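Since the structure comes first, as structure tokens, the remarks are kept for the end.
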Amino acid sequence: MTERTIPELGSARRLVLKIGSALVADDRTGSIREEWLSSLGQDIARLRSRDIDVAIVSSGAIAVGRRDLGLSGCELALDQKQAAAARGQIRLAHAWQEALEPHGVAIAQILLTLADTEERRRHLNARATMETLFGLGVVPVINENDTVATEEIRYGDNDRLAARVAQMVSADTLVLLSDVDGLYTADPRTDPDATLVPVVREVTAEIENMAGAALPGYSSGGMITKLEAARIAISGGCAMAIADGKPANALSRLSQGARCTWFLPAMAPLAARKRWIAATIAIAGTLIVDDGAARALGAGKSLLPAGITGVDGDFERGDAVSVRTARGALLGRGLSAYSSADARRIMGRKSREIESILGYRGRDEMIHRDDLVLDAQTTESRDS
Ligand code: GLU
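Residues in the sequence shown are numbered consecutively from 296, following this note's numbering.
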């Protein structure tokens, strides 16, 4: 496998950008840093003009909302954080719209919880929504759905949420814009010998030891959550940078080689997704396909309802199923875009008939090729 080299932002295919609270909101006053956001809007417009898909994971709802609610300057209880987020999110979304739309970048808001990223069906729905937005040239602006998340199931920090989003949409690049410019060998505020680590290929115990405790202030993430994000990102085949976001046009500066730390994955996002599917232990059912479909799969195509002759088992949309020939030979496994009940109704039918049969228009494919691992690949990734 060829080792990934430091990515050029301009040649990313799909970029997730995480913006910390301290960048969005002024530390002292909690007001939104509009000029800075607008400069980022310029940078994003430049990437969009090169047809790079961009998603933003923006913190700042609590930082912005707490001041409005008179909750500044004290440690907040969970319900107060949730109230602050509910108030702040509306302003945050508005600020992003004001910052990006003048640069010709349309945005859409997505609020996610931990369960949405971890549970297969919700994961697939969120992924499909984002795919559709990307296809329409819209930039999703994402935050944690702080109102419904309880302490136990909160991400609490958007570093890990951003990494999950990057993994969910098979992004190749994740940039955490922060108030630090990278990972240092020791805490640079207290140790004059601390040096920046420019490239990390694996988050080892030694790397973890370099991260101190979370910094106090608005943001809940410190270097520790950033390293957890890095671990998620690189396991999803996504390169991740920690870079200083404070100056205006922080993304352009990063493209021009500003200091930062890059975490580089060993494989590409699609290969990592397929490995994740191949490693799924719970196979909930079987789709039996005809010879034409078997040939199409072998040629790298998706599995369409038309090629399915039988459905075994009881499964939901998003569950992993095996794909077999009528003689029982295993062809591969994948994530079904339809439940077993719906699959039985549309098997053997043309994709354009799906809507009239089911009453809604789902995906054209029963298993999209990105969600399908052929048997040779299954064996290969189990062995590796
Ligand atoms: N979801 C929180 C907010 O928007 C931010 C969490 C974090 O600090 O990363 O205020």
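Ideal Cβ positions, reconstructed from N, Cα and C, are used throughout, including at glycine. In this text, all values refer to a predicted model and were calculated from it rather than measured experimentally.
Between ALA528 and LEU469, the gap from beta carbon to beta carbon is short of 8 Å. Each of ALA421, GLY430, ASN438 and LEU395 was checked against the Cα of VAL352, and the nearest Cα belongs to ASN438. Distances between the C-beta of ILE578 and the heavy atoms of the ligand GLU are all 7 Å or more.
By the neighbour-count criterion, in which 16 or more other beta carbons inside 10 Å mark a residue as buried, THR324 falls on the exposed side.
By the C-beta density criterion, SER651 is exposed, having fewer than 16 other C-beta atoms within 10 angstroms. With a threshold of 7 Å, the Cβ atom of GLY399 does not count as near the ligand GLU, since no heavy atom of the ligand is closer than that. Taking a contact as a CB-CB distance under 8 Å, the pair GLY336 and HIS398 counts as one, their CB atoms being some 4 Å apart. GLY305 and CYS555 have their C-alpha atoms spaced approximately 16 Å apart. ILE405 is not a Cβ neighbour of GLN392, given a cutoff of 8 Å. Note on the region 397-455: whole beta strand (DSSP E) runs with a minimum of 3 residues are 402-407 and 434-439, in chain order. Your pair VAL319 and LEU387 checks out as a contact, with CB atoms roughly 7 Å apart and the cut at 8 Å.
Residues LYS313, LEU471, GLY516, THR520, LYS521, GLU523 and ALA524 of the same chain have their beta carbon placed closer than 8 Å to that of ASP454, with the five preceding and five following residues left out of the count.
Taken from the Cβ of ASP452, at least one heavy atom of the ligand GLU lies inside 7 Å.
For ALA588, same chain residues with a beta-carbon under 8 Å away, outside a window of 5 residues either side, are LEU598, LEU599, ALA601, GLY602 and ILE603 in chain order.
Put simply, the backbone Cα of ALA317 is about 7 Å away from that of ASP474. A distance below 6 Å between beta-carbons, with the five flanking residues on each side excluded, links GLY430 to no residue of its chain.
DSSP places ASP363 inside the alpha helix (DSSP H), whose first and last residues are 356-363.
Beta-bridge partners of LEU582 (DSSP): VAL606 and VAL618. At a cut-off of 7 Å, the beta-carbon of ALA356 counts as near the ligand GLU: some heavy atom of the ligand is closer than that. Secondary structure note for GLY531: it is in no alpha helix (DSSP H), with a DSSP letter that is neither H nor E.
Taking one beta carbon from each stretch, the region 603-619 and the region 629-648 have 3 or more pairs nearer than 8 Å; the two touch.
Taken from the Cβ of ALA410, every heavy atom of the ligand GLU lies 7 Å or farther away. Remark: the C-beta of ASN420 is outside contact range of the ligand GLU, defined as less than 7 Å to any heavy atom. A distance below 6 Å between beta-carbons, with the five flanking residues on each side excluded, links ALA506 to the following residues of its chain, in chain order: MET518, ILE519 and LEU522. Burial state of GLN551 is exposed, judged by a 10 Å Cβ sphere holding fewer than 16 other Cβ atoms.
Looking from the CA of VAL618, the closest CA among PRO542, LEU667 and ALA574 belongs to LEU667.
For VAL606 against ALA638, the beta-carbon gap comes to about 5 Å, under 8 Å, which counts as contact.
Residue burial annotation: THR300 is exposed, with fewer than 16 other C-beta atoms found within 10 angstroms of its C-beta.
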